[in-house]
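Those protein sequence lines, which keep their order, are chains P and W.
When you line the first sequence up against the working numbering, it's residues 1 to 459, in that order.
When you line the second sequence up against the working numbering, it's residues 1001 to 1478, in that order.
Below: one structure, written as structure tokens.
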Amino acid sequence: MQVLITIVSLGVFCLLAEIFNLRKLLVPITVIGLLAVLGISLNLWSIDSSIDTNYLNMMATTKFSSAFSSLFIVLTIFILLLSDDFYKDIPTKFSDFIAIKIFLLAGAVAMVSFTNLAMFFLGIEILSISLYILAASRRLDIKSNEAGMKYFLMGSFASGIILFGICLVYGATGYFNLEEIYALSQGIGLPTWFPIGVTLIVIGMLFKIAAAPFHFWAPDVYEGSPALTTAIMSTLAKVVAMATLYKLLSGMTVALGYKVELLIVIISILSMTIGNIMALRQKNVKRMLAFSGISHAGFMLMALLTLSTAASTLLYYTTAYALAGIAAFAVIIMVTKNKENENIENFNGLGKTNPLMAAVLTASLLSMAGIPIFSGFFAKFMLFSDTVKAGFLIVVIAGVINSIISVGYYFKLILAMYTKESNEEKVSIPFAYTIVAIVAIVLNIVIGIYPSLLTDLLV
Amino acid sequence: MDVTTLLILLLIGAVATLVSGDKLASKVALLFSLVAFGLSINLLLQFNQGTDIGFVSNWIANPKVALALKADGLSMAMVLLTTALTPLIILSSFGNSFNNSKNFYALVLFMAFAMAGTFLAADGLLYYIFWELALIPIYFIALIWGNGDVDERKKAVVKFFIYTLAGSLFMLVGFAYLYSKAGSFLLEDLYKLELSNQEQFWIFFAFFLAYAIKIPIIPFHTWQAKVYQKAPTVGTMLLSGIMLKMGLYSVIRWQLPIAPDAAKEYMPILIGLSIAGVIYGSVVALRQKDLKKLLAYSSLAHVGLIAAGCYTLTADGLNGAVYQMIAHGFVIVGLFFAAEVIFRRFETRKIDELGGIRSQASGFTSMFMILVLASVALPGTYNFVGEFTVLYSLSQVNIWFAVIGGTTIILGAYYMLKMFQNVMLGETNTKVFADVTVSEAIVFVAIIGFLLFLGLYPKPINNLVNPAIKEILAVINR
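Written out as structure tokens, the structure reads:
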């Protein structure tokens, strides 16, 4: 709870900063603020599953919530560092956008630490509405408007479905509180609308993580949104939704039935395959990463098959994926800053004009493809290993085949950087991009070499 | 001192090369590779005295992965092959100039590091990581510094990468399954596993995909010739000299002992496929017009025979396979280097555009001749020892395998000598062919000297390898 309060006050501070004309200092101040929040969050580490009764059983600080909140805070810090340069051309809106990002973080933290479905819904709405605004934040760009509109329409449908699901669960159990629902779900004799309600909530969450067949919004929205917003969606928002889905499922039901597991298997394989095959054909890098994100959603869903032990695997996978994503987007934003679109041609010859950034992008793509020593490898391996242990060999084989397909499009970008000639002069890069890209990829490699740093946290 | 020193040294070498700048890079890389060679000789001496030079330490708690490096005779032989060939390969590139040479040589040393790691790892996941790591540098070496049309090269290299990655990912699933059974990735724990026949079949098959693509065994060889042709010669040498030995080594170290019953059951098919590669490689090599491609197919034929030796599951077969791996590693590097020496002077690899070199460069001609003869396993060279042992082991399984496999010597002699005749003899070429330079001569002399020395006195390698093979055979026949 302290974390949430601090984050929200930081957001309010950002709005006030506009009045006091602190625009230039805004990013440094918020980053320092967030580092402090990170400190608080890590400090709460030792407190485990002590439900804060002061807050009407709305939230609880657990290891799970602290670990994921800390991850979200780190990701937000990266995003904020990129913001300074990104919004240079619209200074009047600057503090608003920063504030929205902070509020988005508040929503994210609420989503992993709720113990009450009402709190969960508040969290998801705060997160979603912030994202709608950010998607449409290029007011004069028609594509950005389109993205915002599409995202808003589809997103509100999903929220509606989630809300309906929550209602059904409440109707069946009489509780919003997770613990009570969990206790009741063990007994038999729950009305049929309890599983229907749970299914509706899951469908809504699958929409948010853009898993097939609920993925149709993602490519358009990713492509149309400003690159920085796309970065948030594909890293932070996806990770938040995935962690929440895990928390919901493990918090509401004792064990997934055979049918639910079968459904997860199907959706997981479908997401991987559709995402990868569509990504092969994309020319726009943002669109390509959207589809790649869909396939990663499929991989993450595999974790749900081993519900009882998957928390640390999921934490590891999402961290690896998000860090690689941040590093990749830092380079993508830098390269396409003054370009009309994000097509692959813009990356031609980057290996010569800017070897360092090309190396970072290569490394992050290799991590997403799952090549050792990058953490993406261990992430995939742990998933595979857990899933094999649980006996779902078929998903693992589908995952392996998809990993091979994914190399096809990740390497398209790498090939463009190293084998094509550039038609441009060297451009100077803002320092923030370099530092974010390098720090993110170094963190990625560090947890790749010492996976125990993360995997032992939630045991 | 243990084997980690060697790996760390190679890694430091890669970093040092990267920061040394383009001018010094090749020399720094050579220096480090020579030091690594010296170090591995020193390790060998320690090993022979009975010192334990392995290394075990915990790495990841969950899943349980250990940093386990084991050095037995087999691993030491392969590591020595790696560290002996690396300086030769680096030295052989002194006549070329590469853009961004600091990156190039750093990648070469990094690849040597990954390959040495593969040969030493005694933990399944660690082994897998090294195995994959070796793929990244060769991908970039072939892609960025390769020759020929960019688009074609891109296609060849990407195909190679996706092929090998596909194979290894199935191996990874195999390891995941083994881990779920054994609760550990350690080699000795995996050796102890009692798997049912069906499990063995799937594990064997998953590993086979990875190794058959890497070696390559028919029908998984289609990536090979194009990549050998398009990669820079240094890359081709690394691939053919050391990297494909990773596949063969892994068959002996991992595949056979973990799934021995499957290996016994499918022995005829496995040997048959391997020998099909011998015939196929030799026949296709007969028709090649490009020197590098011809050597690529000859290499396919030779490794087919080595793979057949591995799958006989006899002591002679496995020992012979290791001898032949070493012999083939040296001779193929020498032959590709000869092709490169010719290319440096004539700028072509087309066999019918060459000829008449002998009268201009007698030194080069005689060295090339010895390499050609070694490659067709003339008695007195180490290749003879290897090839003969393998053929002998095949005859123990079935005399027809030996007869068909033996055609490699006849066919090999035919296409290699025909190639030699077309390239080196004939009318005097109008173009000038300068004889070998000092650095080129050093490479040739080192390779030839090594092959002849061991050909006449193979005992050191025998003493090193035989006990290790005996141990592995004991596991296979448990």
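No residue lacks a Cβ here, since even glycine has one placed at the ideal position from N, Cα and C.
**Q.** Where the region 1166-1188 of chain W meets chain B: residues whose CB sits under 8 angstroms from a CB there
**A.** This model lacks chain B altogether; the protein chains it does include are P and W.
Q) Taking all protein chains shown into account, do 16 or more other C-beta atoms lie within 10 angstroms of the C-beta of Met1001 (chain W), making it buried, or fewer, making it exposed? A) Around the beta carbon of Met1001 (chain W), a 10 Å sphere encloses fewer than 16 other beta carbons of the protein chains shown; the residue is thus reported as exposed.
Q: Check each residue of the region 379-392 of chain P: if its Cβ is closer than 8 angstroms to any Cβ of chain W, include it; give the result in chain order.
A: Listed by position, the residues of the region 379-392 of chain P near chain W (Cβ gap below 8 angstroms) are Phe381, Met382, Phe384, Ser385, Val388 and Lys389.
Q: Pick out the complete beta strand (DSSP E) segments inside the region 269-339 of chain P, 3 residues or longer, and give them in chain order.
A: If you keep only unbroken beta strand (DSSP E) runs of at least 3 residues inside the region 269-339 of chain P, you get nothing at all.
Q. DSSP state of Ile1008 (chain W), grouped into three classes?
A. Correct three-state label for Ile1008 (chain W): helix.
Q: Please work out which residues of its chain come closer than 8 angstroms, Cβ to Cβ, to Met1416 (chain W), disregarding the five sequence neighbours upstream and downstream, and give them in chain order.
A: Answer for Met1416 (chain W): Ser1298, Val1372, Ser1375 and Val1376, listed in chain order.
Q: Output yes if chain P places a C-beta closer than 8 angstroms to the C-beta of Asn1383 (chain W); else output no.
A: With 8 angstroms as the cut-off, Asn1383 (chain W) does not count as an interface residue toward chain P.
(Q) Nearest by alpha-carbon distance to Val74 (chain P): which of P:Thr455, P:Leu44, P:Leu443 and P:Ser403 is it? (A) Nearest in C-alpha terms to Val74 (chain P), of all of P:Thr455, P:Leu44, P:Leu443 and P:Ser403, is P:Leu443.
(Q) Cβ closer than 7 angstroms: which chain W residues qualify as neighbours of Leu451 (chain P)? (A) In the sequence as presented, Leu is not what sits at residue 451 (chain P); that position holds Pro. From the beta-carbon of Pro451 (chain P), the residues of chain W found nearer than 7 angstroms are Ile1060.
Q: Tell whether a beta-carbon distance below 8 angstroms holds between Ala1285 (chain W) and Ile1218 (chain W).
A: In this structure, Ile1218 (chain W) does not lie closer than 8 angstroms to Ala1285 (chain W) by Cβ.
Q | Near-chain P residues of the region 1050-1081 of chain W (beta-carbon distance less than 7 angstroms), N- to C-terminal order | A | Residues of the region 1050-1081 of chain W with a Cβ closer than 7 angstroms to any Cβ of chain P, in chain order: Ile1060, Ala1061, Asn1062 and Pro1063.
Q) Nearest chain P C-beta to Glu1199 (chain W) closer than 8 angstroms, yes or no? A) The beta carbon of Glu1199 (chain W) does not come within 8 angstroms of any beta carbon belonging to chain P, so the residue lies off that interface.
Q. Any beta-carbon of chain W closer than 8 angstroms to the one on Leu314 (chain P)?
A. No - not a single Cβ of chain W is within 8 angstroms of the one on Leu314 (chain P).
**Q.** Residues bridged to Val1065 (chain W) (per DSSP)
**A.** DSSP lists W:Ile1060 as partners of Val1065 (chain W).
Q) Which partner residues of Pro1379 (chain W) appear in the DSSP bridge assignment? A) Answer is W:Thr1381.
Q) Rounded to a whole number of angstroms, what is the C-alpha to C-alpha distance between Phe1205 (chain W) and Ala279 (chain P)? A) The straight-line gap from Cα to Cα measures roughly 30 angstroms.
Q. Does any C-beta atom of chain W lie closer than 8 angstroms to the C-beta of Pro91 (chain P)?
A. No - not a single Cβ of chain W is within 8 angstroms of the one on Pro91 (chain P).
Q) Exposed or buried, Trp1145 (chain W), counting other C-beta atoms within 10 Å across all chains shown (16 or more means buried)? A) That one is buried.
Q: Give the residues from the region 94-106 of chain P that approach chain W closer than 7 angstroms (Cβ to any Cβ), ordered along the chain.
A: Within the region 94-106 of chain P, no residue qualifies.
**Q.** Cutoff 6 angstroms; reference Gln1396 (chain W); Cβ partners in own chain excluding five residues on either side
**A.** Hits under 6 angstroms: Thr1314.
Q: Report, in whole angstroms, the separation of the C-beta atoms of Val1108 (chain W) and Val1234 (chain W), which I expect to be a contact under 8 angstroms.
A: Yes, they are in contact, since the Cβ atoms of Val1108 (chain W) and Val1234 (chain W) sit about 6 angstroms apart, within 8 angstroms.
Q. Should Asp84 (chain P) be flagged as near chain W, meaning a C-beta pair shorter than 8 angstroms?
A. No, because no Cβ of chain W sits closer than 8 angstroms to the Cβ of Asp84 (chain P).
Q. Per DSSP, Lys1459 (chain W) forms a beta bridge with which residues?
A. DSSP lists no partner for Lys1459 (chain W).
**Q.** Residues near Met1237 (chain W) in its chain [Cβ-Cβ closer than 6 angstroms; skip 5 each side]
**A.** Closer than 6 angstroms at the Cβ level, and outside the excluded window around Met1237 (chain W), lie Ile1089, Val1333 and Phe1336.
Q: Tell me whether Thr1082 (chain W) sits in a helix, a strand or coil according to DSSP, three-state version.
A: Note: Thr1082 (chain W) maps to helix in three-state DSSP.
Q. Nearest to Ile294 (chain P) by CA position, among P:Ala135, P:Val31, P:Asn402 and P:Leu4, is which residue?
A. Nearest of P:Ala135, P:Val31, P:Asn402 and P:Leu4 to Ile294 (chain P), Cα basis: P:Asn402.
**Q.** Residue of W:Ile1141, W:Leu1006, W:Asp1435 and W:Arg1253 minimising C-alpha distance to Ala1084 (chain W)
**A.** When each option's Cα is compared against that of Ala1084 (chain W), the closest is W:Leu1006.
Q.
So for Leu56 (chain P), helix, strand or coil by DSSP?
A. Leu56 (chain P) carries a coil assignment under DSSP once its states are collapsed to helix, strand and coil.
Q | Assigned secondary structure, Asp1052 (chain W) (DSSP; H/G/I helix, E/B strand, else coil) | A | Secondary structure at Asp1052 (chain W): coil, using DSSP grouped into helix, strand and coil.
Q) So what does DSSP say about Asp1290 (chain W), is it helix, strand or coil? A) Asp1290 (chain W) sits in a strand when the DSSP states are folded into three classes.
Q. Is the Cβ of Val360 (chain P) closer than 8 angstroms to any Cβ of chain W?
A. Taking 8 angstroms as the CB threshold, Val360 (chain P) stays off the interface with chain W.
Q: Just mark Phe347 (chain P) as buried or exposed, buried being the case when its beta carbon has 16 or more other beta carbons within 10 Å.
A: Looking at its Cβ environment, which holds 16 or more other Cβ atoms inside 10 Å, Phe347 (chain P) is buried.
Q: Could you tell me whether the Cβ atoms of Ile441 (chain P) and Ser364 (chain P) are closer together than 8 angstroms?
A: Yes, the pair counts as a contact, with Cβ atoms nearer than the cut-off.
Q | Cβ of Leu1133 (chain W) within 8 angstroms of any chain P Cβ | A | Output row for Leu1133 (chain W): interface = yes.
Q: Tell whether a beta-carbon distance below 8 angstroms holds between Thr30 (chain P) and Leu82 (chain P).
A: Cβ distance not < 8 angstroms, so Thr30 (chain P) and Leu82 (chain P) don't count as in contact.
Q) By Cβ distance, which residues of its chain are closer than 8 angstroms to Ile1448 (chain W), with the 5 residues on each side in sequence left out? A) Within the same chain, Ile1448 (chain W) has close Cβ partners Gly1334, Met1367, Ile1370, Leu1371 and Ala1374.
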